[in-house]
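Asker: Just so we're aligned, residue 14 is where the sequence shown starts under our numbering, counting upward by one.
Just so you know, even glycine gets a beta-carbon here, dropped at the ideal spot from N, CA and C.
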Amino acid sequence: MQEIHLTAQSHNSVIRCGQGVFETYAPKYKEGQFFIVTDSNVFALYRHLLWETFGININIKILPAGEKSKTHKYLFEILKEMLNCGMRRNCTVIAFGGGVVGDIAGLAAALYMRGVNLVQIPTTLLAQVDSSVGGKTAVDMCGVKNVIGTFYQPQEVLADPRFLETLPEKEIRCGLGEIVKYGALDGGIFAKLTENKNNLKDLRFLSEIIYRCIAHKAKVVKDDERDLNGLRKTLNMGHSTGHALELYYGKKSHGEYVLIGMYFELFIARKLGICTGQYAEELKSLILSVIKKIPYYADLEKAADYAKFDKKNNDEKISLIVPKALGESTEIKLGLEEYVKLLKECGGGL
Ligand code: NAD
Ligand code: GLY
14 MQEIHLTAQS HNSVIRCGQG VFETYAPKYK EGQFFIVTDS NVFALYRHLL
64 WETFGININI KILPAGEKSK THKYLFEILK EMLNCGMRRN CTVIAFGGGV
114 VGDIAGLAAA LYMRGVNLVQ IPTTLLAQVD SSVGGKTAVD MCGVKNVIGT
164 FYQPQEVLAD PRFLETLPEK EIRCGLGEIV KYGALDGGIF AKLTENKNNL
214 KDLRFLSEII YRCIAHKAKV VKDDERDLNG LRKTLNMGHS TGHALELYYG
264 KKSHGEYVLI GMYFELFIAR KLGICTGQYA EELKSLILSV IKKIPYYADL
314 EKAADYAKFD KKNNDEKISL IVPKALGEST EIKLGLEEYV KLLKECGGGL
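#1: For PHE164, write down the residues that DSSP places opposite it in a beta bridge.
#2: Considering just the uninterrupted stretch of the beta strand (DSSP E) at GLN15, what are its terminal residues?
#3: Check for me: the beta strand (DSSP E) holding CYS359 runs from which residue to which?
#4: Any residue with its Cβ nearer than 6 Å to a heavy atom of ligand 2 should be included. What is that list in chain order?
#5: What do you reckon, are the CB atoms on MET250 and SER144 nearer than 7 Å?
#6: Starting from ASP52, follow its DSSP beta bridges and name the residues at the other end.
#7: When DSSP labels each residue in this structure, what does VAL27 get in the three-state scheme?
#8: Assuming VAL193 and LEU299 form a contact by the criterion Cβ under 8 Å, report the distance between their Cβ atoms to the nearest whole angstrom.
#9: Given HIS24, which residues of its chain have a CB within under 7 Å of its CB, disregarding the five upstream and five downstream residues?
#10: The beta strand (DSSP E) spanning ALA338 covers which residue range?
#11: Within 10 Å of its beta-carbon, does ALA311 have 16 or more other beta-carbons around it, so buried, or fewer, so exposed?
#12: Roughly how many angstroms separate the alpha carbons of ALA108 and GLY115, rounded to a whole number?
#13: Mind checking VAL160: buried by the 16 CB within 10 Å criterion, or exposed?
#14: If you check the beta carbons only, do GLY111 and THR84 fall under 7 Å apart?
#15: Buried or exposed for LEU219, please, with buried defined as at least 16 other CB atoms from any protein chain shown within 10 angstroms of its CB.
#16: Excluding five sequence neighbours on each side, which residues of the same chain lie with their C-beta closer than 8 Å to the C-beta of CYS98?
#17: Considering only heavy atoms of ligand 1, does any lie closer than 6 Å to the CB of THR51?
#18: With which residues is MET154 paired in a DSSP beta bridge?
#19: Among GLU344, GLY268, ARG60 and LYS235, whose alpha-carbon lies nearest the alpha-carbon of ILE69?
#20: Give the range of the alpha helix (DSSP H) segment to which ALA282 is assigned.
#21: On the DSSP letters alone, give me the boundaries of the beta strand (DSSP E) that GLU169 sits inside.
#22: Compute the Euclidean distance between the alpha carbons of ILE227 and GLY31, then round it to the nearest angstrom.
#23: Mind checking whether HIS256 and LYS158 have CB atoms under 7 Å apart?
#24: For ALA39, which residues of its own chain have a beta-carbon under 7 Å away from its beta-carbon, when the five flanking residues on both sides are left out?
#25: Helix, strand or coil: which one does DSSP assign to ILE71?
What follows is the structure, encoded as structure tokens:
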């Protein structure tokens with residue numbers, strides 16, 4: 014078991030990762046008042062574990078599984094049920110699930126009585142390496158992702174790889190999307206990933222890489238908790254294009270779109286002479302070792318329109334975080350027309 018202390022400006026978090034952290038650290042929450050948020054798939058798989066750990070009479074909200082639940086409607090249902098259950102200011106919200114549960118439960122914890130304790134127990138690979146750490150909480154609105162939200166640090170994150178054993182292959186691939194992103198930001202992670210390119214889905218390897226990704230994110234969040242000085246933006250590599258394709262096409266998982274977005278944005282960085290040589294080739298090959306095929310997108314122009322809403326843009330231009338060299342990235346800003354032209358040149362359909 015490993016521990017990372019994230020000293021953020023608002024609250025501090027302790028992030029515990031490794032086999033056994035759930036059974037060691039979760040039971041203490043039954044000593045106080047707590048409210049669990051989970052989703053239908055996770056509840057079906059782990060209800061016995063929840064009952065054994067927290068007792069049969071738990072206050073719990075079970076959301077329908079999937080991104081469609083990340084809305085203000087479900088947010089207010091959670092808040093209403095917390096009130097109906099008599100939750101007080103010193104209660105703890107336990108987010109037990111993937112990134113969807115973590116984001117909406119985190120926002121509910123931030124809002125309820127102006128903020129109650131929050132514990133993240135991430136059960137997907139994506140949530141363990143990324144979304145449970147760093148305090149970004151949100152719901153989607155009018156088809157725009159994460160448009161209502163706040164920064165709210167969990168007091169504790171329990172990232173236990175035991176939960177990955179039941180994850181479908183597609184969700185492992187989804188988490189690998191964010192892991193490859195960390196590889197493009199951190200030379201040490203890149204080396205580990207390229208050495209183990211044929212072994213990326215092995216649970217023992219993943220346990221080690223989860224710790225490294227969290228450690229990278231914790232350093233970034235410590236220095237730029239509220240995404241203000243440009244450092245935290247780097248964690249959004251591949252996301253501008255990935256989110257735009259996700260919003261327009263919406264057939265794959267978040268992490269798969271991150272990878273596809275990275276593929277397009279790496280092409281753009283190469284075309285503009287920002288990322289070159291052997292490193293660019295190795296990064297492309299790492300991306301393609303996870304997402305074997307890049308689909309052909311006929312409507313890139315329409316999909317790119319969604320990139321206009323990305324929170325990184327602070328003017329008319331589309332902001333992209335692109336890879337530059339081993340462990341280095343940079344931000345570029347493109348006019349919509351140029352962006353669409355470059356996306357079309359890249360084309361996909363691989
Ligand atoms: P998700 O929460 O929808 O989970 C994916 C699927 O896996 C769901 O069907 C879920 O029911 C199922 N599942 C969860 N745990 C399981 C388990 N242990 N075994 C079997 N099935 C399980 O999606 P996700 O990929 O975890 O998260 C995506 C969300 O995270 C998006 O909404 C994205 O915007 C958000 N996100 C947030 C941040 C952040 O910093 N807050 C970062 C990245 C992504
Ligand atoms: N996942 C991006 C961030 O936490 O900033």
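Answerer: In this structure, then:
#1: LYS149
#2: 15-20
#3: Here CYS359 belongs to no beta strand (DSSP E); instead the alpha helix (DSSP H) covers 349-359.
#4: ASP143, GLY147, LYS149, ARG245, LEU248 and ASN249
#5: no
#6: LEU76
#7: strand
#8: 6 Å
#9: GLN166 and GLN168
#10: 331-338
#11: exposed
#12: 5 Å
#13: exposed
#14: no
#15: buried
#16: PHE48 and ASN72
#17: no
#18: VAL157
#19: ARG60
#20: 267-284
#21: 169-172
#22: 12 Å
#23: yes
#24: THR66, ILE134 and LEU171
#25: coil
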